[in-house]
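Chemist: Residue numbers (my numbering), protein chains in the order written: chain A, 53 to 363; chain B, 5 to 311. The C-beta atom is built at its ideal place from N, Cα and C for all residues, glycine as well. The structure presented is a predicted model; accordingly, all values stated were derived computationally and were not measured. What follows is a single structure, and I will ask about it in a moment.
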Amino acid sequence: MKLMKKSVLVLLFLLLLIGCATRKAQQPQPVDFRTGTQGLYMSFVPNLPPPKLYDREQLNVMLQVENKGTETVGPGDVIYLSGFDTSIITNIPLQGVDIPTLDGRGPFLPRGGVDTVSFKGILQPLSSRRIDKYQPTILATACYHYETIASAQVCIDPNPFAPTSIQKVCTPSTVSTGSQGAPIAITSVEVEAAPQKTRFKINIQNVGGGDVFRAGADALRKCSPYSGGLGFDDIDFVRIGEVSISNIKITPSCRPKDNSGHFRLVNGQASLFCEYEAPPGQSPFLTPLNIVLQYGYRQSIVRQIEIRPVS
Amino acid sequence: MKKIVVLFLFLVACQFAQLPAKKIPEAIPIYTGTSALEASFNPATMSNMIMCQQSDIYVDVKNTGAQDIKDGTYSFITEDQYLTPVTERQKKFSLEGKSQFNPKGGFDQIHLRVKNLGILPQFETYNPEIIFQACYKYTTSAAAQVCVDPDVANLNPRKACRPEPVLLPNGQGAPVAVTKIEPYMVPEGDGVTPVFAIYVQNLGFGAVVRPEGAEAACTGGTGLQLLSYANVHAFLQNKELVCDPNPVKIESTQERRFICQRKEMLYGPSAGTFSAVLTIQLEYGYVNSLALPLTITRLPGQAPCPT
């Protein structure tokens, strides 16, 4: 019995010690945030719009917008509502509604900005049209600018074929980069070393499920469902923001590109060829290749609603 | 104590009882079906009569269409040498159509009393027919969602809708039905003019006459007014379109097509792609007929009817 009492006391003492142990203040740890294939994520707030409503009610549409990527979405970026007869649903701004500024994810910010965008429509009476119901498909289109920033550790070997007995720290090879927290991803960088010149084949893919188009305010205006639309010369174009290696800009060497620095994606994919002239006599070394791509992006979601006349 | 425990268990069990699901009243579709006036002889009708006696004919009429019948005319056609009407054989009538507040439509009963004037001496029985005819103006109101798409080059592949034929197989609560609508986006400059090919057919059991001939069809009128034509009106975004041909010939078992458009109705890119309501109104006269075979029997040795 005594033994049992003792063991209970020891146990209580241990528990007390554990309880009194000072807690270490948790330091925020930086995380690898440049991952993921989405930029802006948009969804209808449940029941806004409701699936069924009557023509004397107000049509409330609310979209939740979340920046799931790593760049800021905001000023100048717009969400449009379309797909309905403007003589039946009025008061919806056809010029769209600005997307509030949403910060992207960062090393100490595991989640990007979240906000809502709302539209309030006025329904016109349906009874005069002698229709049992009107079932438009509401299309919400987001048009925004975005950037992809990728960094890949590449091996530069200025003398790849030199006969030498010195052990090399690296061998130029293909670097897989995955995704970078943006809808346009740099999937891999192929490195081809030649004497004093290293060529890079940068493989790019549209992985966000939307449409990519030329960067710039002009193309952003054309993205509106109430405009002439993005033409063949606008859609599937991405601008080379910057390509640099060891802080040396090699953007001018990149091909293909047009006068405004854009290149075209074919079937959602493209390859960019850039080259770097390494100083002679250097031994192979690893260095980050930084790539910045700029573009406009369009995404849309749909929701069907049913409007019935009250009488 | 046991009692309390049992009561407690009982109460707890009640918490888990499923409540009956709440029923949300469904809106009744009004603009559906291919009938207007439905007439039938009531079983109380005396179809067998004895010579020189009178018979009561009852016709049940209901308006199962979506429009009200106003100032319709009905008439009974009898063989006047054998049957003479005691009550009015021709009269005006009105009957409410289907609505949310009257989902089955209006119902009425028409009565005719006829008296037999005798049959030929060589006959023991005679079988004449009484024909009931109802003539009225009716309107088909069809509304369909059509897609207006100024982006014919498909520069914007993400659209809320695409212009595709709309099939309307169930009628619009009227005997003449719009069966199909084919939208065409005709490019004009930077925009498009929507053009609609509309198909109509008489799917009811009666005959179509011009709207101005609706009364004449039941009162023995003749002329062009009895031809099977319907006047057409079509609206898009509350603006009337021009339809051709108008009036359109409506025949049973045969689908007829007409084109509606409005030249000045031009949708540019700024209009966007959207679902609009195309409203079509067909105005016509409609004639329903119904025949009742009667049997007039002479009793053995029965004398001719007194005049």
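With a threshold of 8 Å between beta carbons, is residue 159/B in contact with chain A?
Modeler: Interface residue, yes.
Chemist: Along the chain, where does the alpha helix (DSSP H) that runs through residue 271/A open and close?
Modeler: 269 to 274 is the span of the alpha helix (DSSP H), which, as asked, contains residue 271/A.
Chemist: Under the rule that 16 or more other beta-carbon atoms within 10 Å means buried, what is residue 211/B, buried or exposed?
Modeler: Residue 211/B comes out buried.
Chemist: Would a C-beta distance cut-off of 8 Å place residue 183/A and residue 281/B closer than the cut-off?
Modeler: Yes, the pair counts as a contact, with Cβ atoms nearer than the cut-off.
Chemist: What residue from 242/A, 149/A and 190/A has the CA that sits closest to residue 358/A's CA?
Modeler: Checking every option, the nearest Cα to that of residue 358/A belongs to 190/A.
Chemist: Looking only at its own chain, which residues have a Cβ that is under 6 Å from the Cβ of residue 107/B, when we skip the five neighbours before and after it?
Modeler: For residue 107/B, where only same-chain residues beyond five positions count, the Cβ hits under 6 Å are 32.
Chemist: Please go through the same chain and pick out, in chain order, the residues whose beta-carbon is closer than 8 Å to the beta-carbon of residue 134/B, but skip the five residues on each side of it.
Modeler: Answer for residue 134/B: 61, 80, 81, 82, 87, 116, 118, 295, 296 and 298, listed in chain order.
Chemist: Excluding five sequence neighbours on each side, which residues of the same chain lie with their C-beta closer than 8 Å to the C-beta of residue 215/B?
Modeler: Excluding sequence neighbours, residue 215/B sits near 141, 234, 235, 287, 288 and 289.
Chemist: Inspect the beta-carbon positions of residue 101/A and residue 117/A and report whether they are closer than 8 Å.
Modeler: Their beta carbons are not under 8 Å apart, which means residue 101/A does not touch residue 117/A by this criterion.
Chemist: Between residue 264/B and chain A, is the shortest Cβ-Cβ distance under 8 Å, so that the two count as touching?
Modeler: No, no contact with chain A.
Chemist: Write down the C-beta distance between residue 115/A and residue 131/A rounded to the nearest angstrom, noting that I regard them as a contact closer than 8 Å.
Modeler: Rounded, the Cβ-Cβ distance is 6 Å, consistent with contact.
Chemist: Out of curiosity, what's the CA-to-CA distance linking residue 172/B and residue 184/B?
Modeler: Residue 172/B and residue 184/B: Cα-Cα distance of roughly 6 Å.
Chemist: Quick check: what's the CA-CA separation for residue 203/A versus residue 294/A?
Modeler: So the two alpha carbons sit approximately 11 Å from each other.
Chemist: Interface residues of chain B around residue 107/A at Cβ under 9 Å?
Modeler: None at all; the shortest Cβ gap to chain B is about 12 Å.
Chemist: Please tell me whether residue 170/B has its Cβ less than 8 Å away from any Cβ of chain A.
Modeler: No, no contact with chain A.
Chemist: Helix, strand or coil for residue 247/A? Go by DSSP, reduced to three states.
Modeler: Residue 247/A: coil per DSSP, three-state reduction.
Chemist: Determine, using beta-carbon pairs with one atom in the stretch 299 to 307 of chain B and one in the stretch 164 to 180 of chain B, whether at least three such pairs fall under 8 Å.
Modeler: No, because fewer than three Cβ pairs between the stretch 299 to 307 of chain B and the stretch 164 to 180 of chain B fall closer than 8 Å, the two stretches do not touch.
Chemist: Using a Cβ-Cβ cut-off of 6 Å (strictly less than) and excluding sequence neighbours within five positions of residue 276/A, which residues of its own chain qualify?
Modeler: Within the same chain, residue 276/A has close Cβ partners 132.
Chemist: Let me make sure I understand the geometry here. Which of 310/B, 39/B, 307/B and 197/B has the alpha-carbon closest to that of residue 263/B?
Modeler: The shortest C-alpha separation from residue 263/B is found at 197/B.
Chemist: State the beta-bridge partners of residue 191/B as determined by DSSP.
Modeler: DSSP output for residue 191/B lists 196/B as bridge partner(s).
Chemist: Count the other C-beta atoms from every protein chain shown that fall within 10 angstroms of the C-beta of residue 172/A, then say buried if there are 16 or more, exposed otherwise.
Modeler: Residue 172/A comes out exposed.
Chemist: So, at 6 Å on beta carbons, what are the nonlocal neighbours of residue 188/A in its own chain, with the 5 sequence-adjacent residues on each side left out?
Modeler: Closer than 6 Å at Cβ, skipping near neighbours: 135 and 136.
Chemist: In this structure, does DSSP put residue 185/A in helix, strand or coil?
Modeler: The answer is coil: DSSP assigns residue 185/A none of H, G, I, E or B.
Chemist: In terms of residues, what are the limits of the beta strand (DSSP E) holding residue 53/B?
Modeler: Here the beta strand (DSSP E) through residue 53/B covers 52 to 54.
Chemist: State yes or no: is the beta carbon of residue 137/B nearer than 8 Å to at least one beta carbon in chain A?
Modeler: With 8 Å as the cut-off, residue 137/B does not count as an interface residue toward chain A.
Chemist: Please report the straight-line C-alpha distance between residue 292/A and residue 346/A, rounded to a whole angstrom.
Modeler: Each residue's alpha carbon lies about 6 Å from the other.
Chemist: State whether the stretch 161 to 170 of chain B contacts the stretch 92 to 112 of chain B, with contact taken as three or more CB pairs (one from each stretch) at a distance under 8 Å.
Modeler: As far as the Cβ criterion goes, the stretch 161 to 170 of chain B does not touch the stretch 92 to 112 of chain B, which means the pair count is below three.
Chemist: What residues of chain A sit near residue 35/B, judged by a beta carbon separation below 7 Å?
Modeler: The contacting residues are 182 and 184.
Chemist: Can you find the residues in the same chain that come closer than 8 Å, C-beta to C-beta, to residue 245/B, ignoring five residues on each side of it along the sequence?
Modeler: Hits under 8 Å: 200, 238, 239, 264, 265, 266 and 269.
Chemist: Express the C-alpha separation of residue 212/A and residue 220/A in angstroms, rounding to a whole number.
Modeler: Between residue 220/A and residue 212/A, the C-alpha separation is close to 10 Å.
Chemist: Based on Cα-Cα distance, which residue from 337/A, 332/A, 93/A and 270/A lies nearest to residue 248/A?
Modeler: The candidate whose alpha carbon is nearest that of residue 248/A is 332/A.
Chemist: Along the stretch 272 to 302 of chain A, what residues have a CB closer than 7 Å to any CB found in chain B?
Modeler: Listed in sequence order: 277, 278, 279, 280, 281, 282 and 283.
Chemist: Since residue 156/B is in the beta strand (DSSP E), which residue starts that stretch and which ends it?
Modeler: Per DSSP, residue 156/B belongs to no beta strand (DSSP E) and is neither H nor E.
Chemist: Count the CB pairs spanning the stretch 333 to 352 of chain A and the stretch 254 to 262 of chain A that are closer than 8 Å, and state whether there are at least three.
Modeler: These segments touch.
Chemist: Whose CA, out of 146/A, 196/A and 151/A, lies closest to the CA of residue 270/A?
Modeler: Residue 196/A is the option with its Cα nearest to residue 270/A.
Chemist: Candidates 132/B, 307/B and 70/B: which alpha carbon is nearest residue 38/B's?
Modeler: Ranking 132/B, 307/B and 70/B by Cα distance to residue 38/B puts 70/B first.
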